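**Q** For the sequence shown, my numbering gives the first residue as 2, with consecutive numbering after it. Heads up, the beta-carbon is just placed ideally off N, CA and C, and yes, glycines get one too. Please read all numbers here as calculations on a predicted model, not as lab measurements. Can you keep this structure in mind? I'll have questions shortly.
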Amino acid sequence: MELIPNRYPILFMDRVDELNPGESIVCTKNVTINEEFFQGHFPGNPVMPGVLIIESLAQAASILILKTEKYQGKTAYLGSIDNAKFRKVVRPGDVLKLHVEMEKQRDNMGKVKCEAKVDEKVACSTTLTFIVPDPKKKI
Numbered sequence: 002m003e004l005i006p007n008r009y010p011i012l013f014m015d016r017v018d019e020l021n022p023g024e025s026i027v028c029t030k031n032v033t034i035n036e037e038f039f040q041g042h043f044p045g046n047p048v049m050p051g052v053l054i055i056e057s058l059a060q061a062a063s064i065l066i067l068k069t070e071k072y073q074g075k076t077a078y079l080g081s082i083d084n085a086k087f088r089k090v091v092r093p094g095d096v097l098k099l100h101v102e103m104e105k106q107r108d109n110m111g112k113v114k115c116e117a118k119v120d121e122k123v124a125c126s127t128t129l130t131f132i133v134p135d136p137k138k139k140i
């Protein structure tokens, strides 16, 4: 997780379980009641915000991308979120498994297919576009 710049309180994964550089990654996020966002989302009915599930997937995708040889030592940025679907509520006590597969890449960008699962059931699916700019050029 040293590859990505995210740190507490905006780091939304706990460990990398499987990594096939340039191909796929599986990470785990243990969702606990101690997460700051549960204070307001929603009191008495805690639900992990969908946007933070997407952020968890984007962080897992960043590790996959930055472990790809041509992107090592760079920073990956989220370019777009496509076809995001939310199928299951994520609550405290859930173990969120983040599955990301490289779909395609060329030059300094690409797409990854993502699924966040709880108990093998898809909670969220989406396709993310990433951009890895040349660090010498401003974006």
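1. Compute the distance between the beta-carbons of S57 and F87, then report whether it is under 8 Å.
2. Let me make sure I understand the geometry here. Which of G45, G41, L53 and N35 has the alpha-carbon closest to that of C125?
3. What separation, rounded to the nearest whole angstrom, lies between the Cα atoms of E3 and T29?
4. What did DSSP end up calling A117 once you bin it into helix, strand or coil?
5. Pick from I55, D15, R16 and P50: whose alpha carbon is nearest that of N84?
6. Indicate whether the contact test is met: 3 or more Cβ pairs, each with one atom in the region 90 to 97 and one in the region 18 to 36, closer than 8 Å.
7. The alpha helix (DSSP H) with L58 in it runs from where to where?
8. Please determine, among E24, K68, L65 and F38, the residue with the shortest C-alpha to C-alpha distance to Y9.
**A** According to the data block:
1. By 1-based counting over the sequence shown, the position of residue 57 is 56. By 1-based counting over the sequence shown, the position of residue 87 is 86. No, they are not a contact pair.
2. Your numbering for residue 125 matches position 124 in the sequence shown. When only C-alpha atoms are compared, the closest one is L53.
3. Taking the sequence shown and counting its residues from 1, one reaches residue 3 at position 2. Taking the sequence shown and counting its residues from 1, one reaches residue 29 at position 28. If you take the alpha carbons of E3 and T29, they lie about 16 Å apart.
4. Residue 117 sits at position 116 when you count from the first residue of the sequence shown. Look at A117 here: in three-state DSSP terms it is strand.
5. Locating residue 84 in the sequence shown gives position 83, counting from the first residue. Checked all of I55, D15, R16 and P50; the closest Cα to N84 is I55.
6. Counting C-beta pairs closer than 8 Å gives three or more between the region 90 to 97 and the region 18 to 36, which meets the contact rule.
7. Here residue 58 refers to the residue found at position 57 when the sequence shown is read from its first residue. G51 to L67 is the span of the alpha helix (DSSP H), which, as asked, contains L58.
8. The count along the sequence shown starts at 1 and reaches residue 9 at position 8. Considering only E24, K68, L65 and F38, the residue with the shortest C-alpha distance to Y9 is F38.
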